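Colleague: Top to bottom, those sequences are chains H and U. FYI, the numbering for the first sequence is 1 to 351, going by the working numbering. FYI, the numbering for the second sequence is 1001 to 1290, going by the working numbering. The structure follows.
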Amino acid sequence: MPEILSYDFMRLALLAALLVGAVAPLVGIFLVQRRLSLIGDGVGHVALAGVAIGILLDGQPIITALIAAVLAGVAVEVIRARGRTSGDIALAVMFYGGIAAGVVIINRVEGGQSSNLTGYLFGAITTTSPGDLVVFAVLSAVIVAVTVVLRQRLFLAAGDEEYARASGLPVMALNITLSVLTAVTVVVSMRVVGLLLISALMIVPNAAAQQVARSFRSATLWAVLFGVLSSVGGVVISFYADTAAGGTIVLLAIALFLVVAAVGALVAALTARRHRIAERHPHEHGPGCGHEAVPHGDHVDYLHGGHRHAPHGAHYDEHADPTTYSPTDSTTDPTTDTGTSDPADHEQVTR
Amino acid sequence: MLVTTAAASAGTTASTPAVQLDHASFGYAGRPFTEGVTLTIPKGEVVALLGPNGSGKSTLVRGLLGLTDHVAGRVEVLGTPLAGLTDRSRIGYVPQRHTLSASVRSTVREVIATGQLAGRPWWRRPTAQDRATVVQAAETVGLADRLDTDVATLSGGQQRRVLIARALASRPEVLIMDEPTAGVDAANQDVLAAVLRRLAGLGVTMLVVTHELAALRGIVDRIIEMDAGQVSFDGTPSQYAEHRATVSRAADAGHGDHHPYDHGYDQHDDDSGLLSGAGPMDGPVEEVTP
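Structure, rendered in structure tokens:
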């Protein structure tokens, strides 16, 4: 057994990191989609006030933090929905009021040198108790269940709010659901990465995932993978390098993002050299457009005036393989099986 | 069949109009922005809704979609009062802009599939039939070969077709489109026109807000023009061409005379006609036999 697993507190820490690493990006992708990347930070600020009240009452800081964070999350949505320009300032007042009250109360109760305060602000993963872990596991299960079941609805409400509303979906309820999910994630993550670093774990793995994914589904899975790699990897590194776990996790997530982005840029540069874009192309290829469609690997080429045109984003690529067809069949004899094509389309030949 | 056609529903509800407005007003925060609009759109009709910016045409269609407040009057969609229309998936909406957030990756298939969400309870997964409908919707708009392409990489016109497919995925009975051809290059405009023509051929009721009548020639059965929150013209495309000619003559002569296609109000007749004739997009309309 490796040394790291021989300590009880490290086993608990690794399990907590695993939960947080998987859950935070799962919620974070919708925040990225709504361009609310920093909202988790604000909710974290308010959660500190909840922690402080828990310490003041000598009770469970996790429960009071959860209550404070959920209230803040709902308030964020209500303020945003009212759409006033002063809403931005209202959010700032709430967030900074929360963290200031938290700091004042905790210092008052525990004295100026409170290690508890630092633990909540920057994470204290090795102090995770078995009881904490059970609470985190239950909350994580709730987050996973809700995001999986409501995935498409949250995706639509975050991506195109107006259409979601027009099609009759309860957009406000979905937005509040996302806000509450954010709040729960904040509370689950606060012992691991700390309230000031939570947003990073929700957002940075998603930033990396966006570099490699091609669909929302795969982006979600990649983000969870990057999140788990960062959080578990960060705890392992911090154990051997004797560094702060929360900061190490976030730095590792950022390093992963930079590596993925660099590799992505390299791959894009390499493929661009083998990538020829068809010249001025005023015709739109599609099923029934009149040009012969040729399946080519994972896509369809269209025979167009002696060229093979492959749709690539908004343009067409030249996929040269001129021996496999006769150049006359594409433009002079358009298939007329459907009524979709305009005769004018066929006059446009790109040479 | 991808959409519920007029013919398919003829058996039971042939006489029910798709949209019926009786002195209806829509607006924001309880304040009306359109004034007492009265019109009936039968099933299967393709209507172009014209008018200058601020004429109330967007307020009107957004009102039908529940996005602006229904302030006064009677509004029925598919025979149901607007407030009681629980199944909003019966109205398909194609928004004006590509309003989708481009901040995360999503494929054409994923976006089209969201059109079906409102039509089923939150706990239910899409069926094989639902997934087939998504593919069918993509075929209808000519994007079946790009189902797994990232939407953000598509051109503006292609994205517009994705939004049409998304609206079709819920098998709507009425399609409401906001400026489907605006800001789209010529090749894509041709494809869009072909898509709309195909939908019209299937008997889909369409209400198209547009500035570009020329792009829709041969598809539109009826033209409604709005100005200052009221209907200023309602008739066939050929009548509209006459209407425009009359307005231009009136403008040349420096005075207006009444023409038979205006109804509902008199006092603003001349002014509104002159104003609305000034738009560069209000080109001549081809004669069409209905």
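The beta-carbon is built from N, C-alpha and C at its ideal position, and this holds for glycine as well. For clarity, every value in this text was computed on a predicted model and none was experimentally measured.
1) Among all the DSSP beta bridges, which residues are the ones paired with H/D301?
2) In terms of alpha-carbon separation, which member of U/Y1240, U/R1125, U/R1161 lies closest to U/I1112?
3) Label H/E3 either buried or exposed according to how many other C-beta atoms from any shown protein chain fall within 10 Å of its C-beta, with 16 as the threshold for buried.
4) Can at least three beta-carbon pairs, one atom from the region 129-136 of chain H and one from the region 11-27 of chain H, be found at a separation below 8 angstroms?
5) List, in order along the chain, the chain H residues whose C-beta lies closer than 9 angstroms to that of U/Y1093?
6) Comparing alpha-carbon positions, which option in H/G28, H/Q211, H/A81, H/V146 lies nearest H/A268?
7) In this structure, how does DSSP classify H/R276 when only helix, strand and coil are distinguished?
8) Using a 10 Å radius around the Cβ and a threshold of 16 neighbouring Cβ atoms, would you call U/R1125 buried or exposed?
9) Which chain U residues sit within Cβ distance under 7 angstroms of H/L150?
10) Are any of the Cβ atoms in chain U nearer than 7 angstroms to that of H/H283?
11) Please confirm if H/L156 has its CB atom under 7 angstroms from at least one CB of chain U.
12) Just mark H/F9 as buried or exposed, buried being the case when its beta carbon has 16 or more other beta carbons within 10 Å.
13) Please report the residue range of the alpha helix (DSSP H) in which H/G42 lies.
14) Quick check: what's the CA-CA separation for H/V204 versus U/A1152?
15) Which whole-angstrom value is the C-beta distance of U/P1237 and U/V1220, which I expect to be below 8 angstroms?
16) List, in order along the chain, the chain H residues whose C-beta lies closer than 9 angstroms to that of U/R1131?
17) Select from the region 1130-1150 of chain U all residues with a C-beta closer than 8 angstroms to any C-beta belonging to chain H, and list them in chain order.
18) Comparing alpha-carbon positions, which option in H/S231, H/T220, H/D317, H/V259 lies nearest H/T248?
19) By how many angstroms is the C-alpha of H/A72 removed from the C-alpha of U/T1127?
20) Which chain H residues sit within Cβ distance under 9 angstroms of U/E1110?
21) Cβ of U/I1164 within 7 angstroms of Cβ of U/V1094?
22) Does any residue of chain H have a CB that is nearer than 7 angstroms to the CB of U/A1187?
23) Return no unless some Cβ of chain H is closer than 7 angstroms to the Cβ of U/R1031.
24) Using a Cβ-Cβ cutoff of less than 7 angstroms, which residues in the same chain neighbour H/A137 once the five nearest sequence positions on both sides are dropped?
25) Alpha carbon to alpha carbon, what distance is there between H/T118 and H/A90?
26) If the criterion is Cβ atoms closer than 7 angstroms, does the pair U/A1137 and U/A1186 meet it?
27) Counting beta carbon pairs with one atom in the region 1232-1249 of chain U and one in the region 1065-1084 of chain U, are three or more of them shorter than 8 angstroms?
28) How about U/G1157 and U/V1184: do their beta carbons lie closer than 7 angstroms?
29) Any beta-carbon of chain U closer than 7 angstroms to the one on H/Y325?
30) What does the Cβ neighbour count give for H/P61, buried or exposed, with the cut at 16 atoms within 10 Å?
31) Taking the Cβ atom as the reference point for each residue, do H/L154 and H/L178 lie within a distance shorter than 7 angstroms?
32) Using the beta-carbon of each residue, which ones in chain H are nearer than 8 angstroms to U/R1088?
33) Between the Cα of H/F122 and the Cα atoms of H/D301, H/E318, H/G194, which residue gives the shortest distance?
34) Compare the C-beta of U/Q1213 with all C-beta atoms of chain H and state if any pair is closer than 7 angstroms.
35) Using 8 angstroms for Cβ pairs, my map puts H/G28 next to H/L196. What's the rounded Cβ distance?
36) Report the three-state DSSP secondary structure of H/G111 (helix, strand or coil).
Modeller: Short version:
1) On the first sequence, position 301 is the one that residue 301 of chain H refers to. Assignment of beta-bridge partners to H/D301 by DSSP yields H/V294.
2) Numbered from its first residue, the second sequence carries residue 1112 of chain U at position 112. Each of U/Y1240, U/R1125, U/R1161 was checked against the Cα of U/I1112, and the nearest Cα belongs to U/R1161.
3) For the purposes of this step, residue 3 of chain H is taken as residue 3 along the first sequence, with counting starting at 1. It is exposed - the Cβ of H/E3 has fewer than 16 other Cβ atoms within 10 Å.
4) Between the region 129-136 of chain H and the region 11-27 of chain H, the count of Cβ pairs shorter than 8 angstroms is three or higher; the stretches touch.
5) The count along the second sequence starts at 1 and reaches residue 1093 of chain U at position 93. In chain order: E162, Y163, A166, S167.
6) Counting from one through the first sequence, the residue named residue 268 of chain H turns up at place 268. The shortest Cα separation from H/A268 among H/G28, H/Q211, H/A81, H/V146 belongs to H/Q211.
7) For the purposes of this step, residue 276 of chain H is taken as the residue at position 276 of the first sequence. Reduced to three states, the DSSP call for H/R276 is strand.
8) Locating residue 1125 of chain U in the second sequence gives position 125, counting from the first residue. Residue environment analysis places U/R1125 among the exposed positions, since fewer than 16 neighbouring C-beta atoms fall within 10 angstroms of its C-beta.
9) In the first sequence, counting from the first residue as 1, residue 150 of chain H sits at position 150. What H/L150 touches in chain U: W1122.
10) Taking the first sequence and counting its residues from 1, one reaches residue 283 of chain H at position 283. Answer yes: the Cβ-Cβ gap between H/H283 and chain U drops below 7 angstroms somewhere.
11) Here residue 156 of chain H refers to the residue found at position 156 of the first sequence. Yes, H/L156 counts as interfacial toward chain U.
12) Here residue 9 of chain H is taken as the residue at index 9 of the first sequence, counted from 1. Label assigned to H/F9: exposed.
13) Your numbering for residue 42 of chain H matches position 42 in the first sequence. It spans 39-56 - the alpha helix (DSSP H) in which H/G42 sits, taken as one unbroken run.
14) What you label residue 204 of chain H is simply residue 204 of the first sequence in a count that begins at 1. What you label residue 1152 of chain U is simply residue 152 of the second sequence in a count that begins at 1. So the two alpha carbons sit approximately 21 angstroms from each other.
15) To locate residue 1237 of chain U, count along the second sequence from 1; it is residue 237. To locate residue 1220 of chain U, count along the second sequence from 1; it is residue 220. Right, their Cβ atoms sit about 6 angstroms apart.
16) Counted from its first residue, the second sequence places residue 1131 of chain U at position 131. Neighbours of U/R1131 across chain H, judged by C-beta separation under 9 angstroms, do not exist; the nearest C-beta is about 13 angstroms away.
17) Flagged, chain order: E1139, G1142, L1143, A1144, D1145, R1146, D1148, T1149, D1150.
18) Looking up residue 248 of chain H in the first sequence gives position 248. The shortest C-alpha separation from H/T248 is found at H/S231.
19) On the second sequence, position 127 is the one that residue 1127 of chain U refers to. On the first sequence, position 72 is the one that residue 72 of chain H refers to. Rounded to the nearest angstrom, the two C-alpha atoms are 38 angstroms apart.
20) Within the second sequence, numbered from 1, the residue matching residue 1110 of chain U stands at position 110. Result: Q152, F155, S215, F216, R217.
21) The count along the second sequence starts at 1 and reaches residue 1164 of chain U at position 164. The count along the second sequence starts at 1 and reaches residue 1094 of chain U at position 94. U/I1164 places its beta carbon less than 7 angstroms from that of U/V1094.
22) Indexing the second sequence from 1 puts residue 1187 of chain U at position 187. Judged by the 7 angstroms Cβ criterion, U/A1187 is in contact with chain H.
23) Within the second sequence, residue 1031 of chain U is the residue found at index 31, counting from 1. No, U/R1031 lies away from the interface with chain H (no Cβ there is under 7 angstroms from its Cβ).
24) By one-based count along the first sequence, residue 137 of chain H stands at place 137. Sequence-distant Cβ neighbours of H/A137 in its own chain, meaning closer than 7 angstroms and more than five residues away, are L19.
25) Within the first sequence, the letter at position 90 stands for residue 90 of chain H. Within the first sequence, the letter at position 118 stands for residue 118 of chain H. Straight-line Cα distance between these residues: approximately 27 angstroms.
26) Taking the second sequence and counting its residues from 1, one reaches residue 1137 of chain U at position 137. Taking the second sequence and counting its residues from 1, one reaches residue 1186 of chain U at position 186. Cβ distance not < 7 angstroms, so U/A1137 and U/A1186 don't count as in contact.
27) These segments do not touch.
28) As a first step, residue 1157 of chain U is located in the second sequence; it is residue number 157 there, counting from the start. As a first step, residue 1184 of chain U is located in the second sequence; it is residue number 184 there, counting from the start. Taking 7 angstroms as the Cβ cut-off, U/G1157 and U/V1184 qualify as a contacting pair.
29) In the first sequence, residue 325 of chain H corresponds to position 325, counting from 1. Per-residue confidence for H/Y325 stands at a pLDDT of 45, beneath the threshold of 50, marking its modelled position as unreliable; the derived number appears in the next sentence. Closer than 7 angstroms: no.
30) Your numbering for residue 61 of chain H matches position 61 in the first sequence. That one is buried.
31) Start at 1 with the first residue of the first sequence, and residue 154 of chain H comes out as number 154. Start at 1 with the first residue of the first sequence, and residue 178 of chain H comes out as number 178. Cβ distance < 7 angstroms, so H/L154 and H/L178 count as in contact.
32) Locating residue 1088 of chain U in the second sequence gives position 88, counting from the first residue. In chain order: A166, S167, G168.
33) For the purposes of this step, residue 122 of chain H is identified with residue 122 of the first sequence, where counting begins at 1. Nearest of H/D301, H/E318, H/G194 to H/F122, Cα basis: H/G194.
34) Mapped onto the second sequence, residue 1213 of chain U falls at position 213. According to the sequence provided, residue 1213 of chain U is Leu. The question's Gln does not apply to it. Proximity of U/L1213 to chain H, defined by a Cβ-Cβ separation below 7 angstroms, is not satisfied.
35) Reading the first sequence from its first residue, position 28 is the one you call residue 28 of chain H. Reading the first sequence from its first residue, position 196 is the one you call residue 196 of chain H. Not confirmed; about 16 angstroms, so no contact.
36) Taking the first sequence and counting its residues from 1, the one referred to as residue 111 of chain H is at position 111. Of the three classes helix, strand and coil, the one that applies to H/G111 here is coil, per DSSP.
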